[in-house]
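Reading through the structure tokens given below for one structure.
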Amino acid sequence: MGWVLMSERELNRVEVLSQVSQGRMTAPTAANVLGLSRRQVHRLLKKFQSDGPASIRHKARGRASNNRIDPAVRDFAMTLVRENYIDFGPTFAAEKLGEDHGLKVSHETLRKWMIEDGLWLPRKERRKFHRPRLRRECYGELIQIDGSDHHWFEDRGPACIRP
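Written out as structure tokens, the structure reads:
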């Protein structure tokens, strides 16, 4: 047998099922630990005992999704965005693709495609940070004093005049 890639969750299942098959844990306890029903644990245990730990691995690993969008549709959508909607955000561009071209694409999918093609910057990359102020050597060194000659207090107090 060769190497089998497994997620942390699948490894945990293998460990718990091996304890059940060795008699160190019961099926209802394993069901509580794994967050499954007792029937599911028995089903997994049957597969585990007949085919080994590799049977616990998810069977769709490494395959393309069933809900994937055809690459030709992606290329067509991105061509339309580059030609007509280069300065639009993903949400508005998705709406315009649907209205004007009859191409129904989720705005989140379009956002992902625009980010991959460099047409849109995620919010984190758009943010501009101010340069941090260096700390002062003495406490209170950054006190601001108003030195203007304006008559701030009207006639209620003396004028603020620079010495």
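Residues 430 to 592 in my numbering are what the sequence shown spells out, letter by letter.
Think of the CB as a built atom: it goes at the ideal place given N, C-alpha and C, for glycine as much as any other residue.
Own chain residues within Cβ distance below 8 Å of residue i, not counting five before or after
| i | result |
| --- | --- |
| R555 | none |
| H471 | A456 |
Residue from the options with nearest C-alpha to residue i
| i | options | result |
| --- | --- | --- |
| R540 | T520, E524 and F558 | T520 |
| W432 | A456, S450, P482 and R453 | P482 |
| F517 | R497, L550, S466 and R486 | L550 |
| W542 | H487, Q469, Q451 and I498 | I498 |
| I485 | L434, P500 and G452 | L434 |
Extent of the continuous alpha helix (DSSP H) to which residue i belongs
| i | result |
| --- | --- |
| R442 | E437 to Q451 |
| S479 | R467 to D480 |
| T455 | No alpha helix (DSSP H) contains T455, which DSSP labels as neither H nor E. |
Own chain partners of residue i with C-beta closer than 7 Å, once the 5 adjacent residues on each side are dropped
| i | result |
| --- | --- |
| L526 | A506, L509, L532 and V534 |
Neighbourhood of residue i by C-beta distance below 6 Å, restricted to the same chain and skipping five residues each side
| i | result |
| --- | --- |
| H536 | P519, T520 and A523 |
Taking contact to mean at least 3 C-beta pairs separated by less than 8 Å, is the region 434-450 in contact with the region 462-473?
-> yes
Could you tell me whether the region 499-511 touches the region 466-482, using the rule of 3 or more Cβ pairs below 8 Å?
-> no
Three or more C-beta pairs closer than 8 Å, one from the region 529-545 and one from the region 489-507: is that the case here?
-> yes
Only counting runs of 4 or more residues, tell me where the alpha helix (DSSP H) segments fall wholly within the region 487-566, in order along the chain.
-> 500-513, 519-530, 536-545 and 552-555
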